[in-house]
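To keep things clear, I will list the structure first and then write my remarks on it.
Protein chains in written order, with the working numbering: chain A, 28 to 271; chain B, 70 to 317.
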């Protein structure tokens with residue numbers, strides 16, 4: 028359902044992505060791992076066109092989203108792709124409920140009643156029914172991130188992108204967010220997850236991509252890449268990550 | 070010391086002229102409120118024009134920047150003079166009705182409206198810079214999150230960025246409002262009988278400055294509480310900010 032062909036991205040003279048090919052199947056959970064600065068986050072941001080690629084082609088559900096009329100592409104992509112960020116990026120002037128409701132009303136044109144009902148359902152699904160009226164500064168990091176997931180899900184995305192969503196969390200809060208993601212995966216959501224959580228990757232992903240310096244160094248089924256890496260750089264990285 | 074007291078605090082003169090000076094101050098207040106409200110709106114429009122994204126809007130951004138730079142760099146007095154001196158001729162030359170060239174709307178004199186226009190043009194530029202600081206102070210992730218949810222730039226600005234930006238800039242906007250209020254005295258030069266001009270009239274009749282002192286006190290009655298409100302608001306917001314940090 029999602030295909031990348033030779034995607035390049037440059038920031039000035041720095042080439043962050045140097046030819047990425049990747050296929051994500053419907054219902055697939057792809058984990059992208061690799062050292063900082065390897066281009067993982069940029070890859071996700073290219074997929075939903077927050078950073079339009081400089082070269083290459085991205086095809087989403089059969090339609091090329093790169094290189095056509097930009098406004099239409101943006102609309103097409105963002106109605107199908109949800110994204111969750113490392114820093115949550117909840118809207119601090121809105122309550123949890125309003126965060127989940129806002130884009131439903133303003134983008135999808137849902138009625139206040141419909142959007143509210145959906146928001147309540149989703150907050151319940153991420154275990155935050157009792158926090159609907161709280162503002163983000165009264166929620167823990169883990170709670171904020173779960174609201175952010177609910178907010179993305181409210182748009183009925185076909186693919187969810189997760190950009191190091193547990194990296195800004197205290198260790199004891201990581202599990203509650205990963206549990207929500209596990210459930211989502213189990214329900215068949217197509218997911219691309221940039222993560223340092225190898226345990227999560229091992230349990231949930233069915234495909235792992237190891238990136239370094241803007242290219243995919245190694246990819247394959249989870250057990251193959253994480254437990255029996257072939258490339259030297261992958262072994263090195265996994266050695267460092269799994270050590271502690 | 071008596072002479073100082075006599076010259077500035079002659080309660081006799083203050084009492085006699087209280088009504089006259091207060092009428093002037095009422096003009097000052099009206100001018101401040103109307104020009105202040107219009108500046109708030111015009112400043113936000115300028116700031117939003119300046120933030121329009123993409124190559125397509127580069128000329129608009131350029132014009133907005135040029136306008137802001139120009140009006141921040143010209144003395145308000147000069148703006149007041151060029152408007153009041155030529156507005157009737159310009160309006161006439163452009164074939165506009167007389168009520169535009171010499172506006173006397175809502176029972177207010179034409180100097181009042183020339184002053185309103187000059188203050189709005191100038192303070193709109195100042196306030197645009199304040200809004201801009203507020204907009205640019207909203208973390209980038211906010212715009213990204215809004216865009217990722219499918220909102221257009223305009224919707225994201227309206228529902229996500231501007232509400233947060235305005236909250237951040239309420240204190241500096243209030244400071245600008247205080248400065249605007251004080252600058253309304255410049256409109257006195259085109260014969261608007263606001264508080265300073267009223268005080269001056271009394272001064273030239275009595276050879277005594279007590280009416281001006283009275284005007285100064287009237288200003289302080291408004292500006293000091295405003296300054297305290299700004300302080301309170303800042304303290305309140307800082308408290309919020311620190312609580313926010315504690316929870317993440």
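Glycine included, every Cβ here is placed at the ideal spot set by N, Cα and C. Computed from a prediction, not measured in an experiment: that's the story for all the values here.
Check	Outcome
Tell me which residues of the region 194-227 of chain B have at least one Cβ-Cβ distance to chain A shorter than 7 Å, keeping chain order.	210, 211, 213, 214, 216, 217, 218, 219, 220 and 224
Alpha helix (DSSP H) containing residue 202 of chain A: first to last residue?	198-213
Below 8 Å on the Cβ atoms is my contact criterion, and I expect residue 88 of chain A with residue 107 of chain A to pass it. Report the Cβ-Cβ distance as a whole number of Å.	7 Å
Between which residues of its own chain and residue 222 of chain B is the CB-CB distance below 7 Å, once the five residues before and five after are set aside?	122
Mapping DSSP to helix, strand and coil, what is residue 269 of chain B?	helix
Starting from the C-beta of residue 137 of chain A, find all residues in its chain whose C-beta is less than 6 Å away, skip the five residues before and the five after it, and write them out in chain order.	131
I want to verify the contact list: residues of chain B whose CB lies under 7 Å from the CB of residue 182 of chain A, in sequence order.	218 and 219
From what residue to what residue does the alpha helix (DSSP H) around residue 138 of chain B run?	127-141
Note down the Cα distance separating residue 82 of chain B from residue 247 of chain B, rounded to an integer number of angstroms.	28 Å
Quick check on the DSSP output: what are the complete alpha helix (DSSP H) runs of length 4 or more inside the region 200-241 of chain B, in order along the chain?	209-217 and 222-225
Measure from the alpha carbon of residue 250 of chain B to the alpha carbon of each residue in B:105, B:87, B:75 and B:76, then state which is nearest.	B:105
Residue 233 of chain B versus chain A: which residues are under 9 Å apart at the beta carbon?	118, 119 and 120
Tell me whether the beta-carbon of residue 59 of chain A lies closer than 8 Å to the beta-carbon of residue 53 of chain A.	no
Could you compute how far the alpha carbon of residue 72 of chain B sits from the alpha carbon of residue 282 of chain B?	15 Å
If you drop the 5 nearest sequence neighbours on each side, which residues of the same chain put their C-beta closer than 7 Å to that of residue 207 of chain B?	230, 233 and 234
Please list, in chain order, the residues of the region 258-271 of chain B that have any C-beta partner in chain A closer than 8 Å.	none
How about residue 112 of chain A: is its C-beta nearer than 8 Å to some C-beta of chain B?	yes
At 7 Å on the CB atoms, spell out the chain B contacts of residue 133 of chain A, in chain order.	220, 224 and 228
By the three-class DSSP mapping on this structure, what secondary structure does residue 302 of chain B have?	helix
Pull up the distance between the alpha-carbon of residue 33 of chain A and that of residue 122 of chain A, whole angstroms please.	41 Å
Label residue 85 of chain A either buried or exposed according to how many other C-beta atoms from any shown protein chain fall within 10 Å of its C-beta, with 16 as the threshold for buried.	buried
Please report the distance separating the alpha-carbon of residue 273 of chain B from that of residue 87 of chain B.	16 Å
By the three-class DSSP mapping on this structure, what secondary structure does residue 253 of chain B have?	helix
Verify the CB distance criterion: does residue 142 of chain A have a CB-CB separation below 8 Å to chain B?	no
Please classify residue 319 of chain B as buried or exposed, where buried requires at least 16 neighbouring CB atoms within 10 angstroms.	Look at the range of chain B in this structure, 70 to 317, and you will see that residue 319 of chain B is not part of it.
Cβ of residue 184 of chain B within 8 Å of Cβ of residue 256 of chain B?	yes
Quick check on this structure: which residue in B:210, B:266, B:76 and B:115 has the alpha carbon closest to the alpha carbon of residue 118 of chain A?	B:210
Can you have a look at residue 172 of chain B and say buried or exposed, based on whether 16 or more other CB atoms are within 10 angstroms of its CB?	buried
Once the 5 residues before and after residue 245 of chain B are set aside, which same chain residues still bring their CB inside 6 Å of it?	195 and 196
Helix, strand or coil, according to DSSP, for residue 181 of chain B in the structure here?	helix
Taking a cut of 7 Å between CB atoms, which residues from the region 52-78 of chain A lie near chain B?	75 and 77
When burial is assigned at 16 or more other CB atoms within 10 Å of the CB, is residue 184 of chain A buried or exposed?	buried
Can you tell me which of the three DSSP states residue 287 of chain B falls into?	helix
Could you tell me the alpha carbon to alpha carbon distance between residue 188 of chain B and residue 134 of chain A, rounded to whole angstroms?	39 Å
Would you say residue 236 of chain B faces chain A, with C-beta separation under 8 Å as the test?	yes
Assign residue 112 of chain B to one of two classes, buried (16 or more other C-beta atoms within 10 Å of its C-beta) or exposed (fewer than that).	buried
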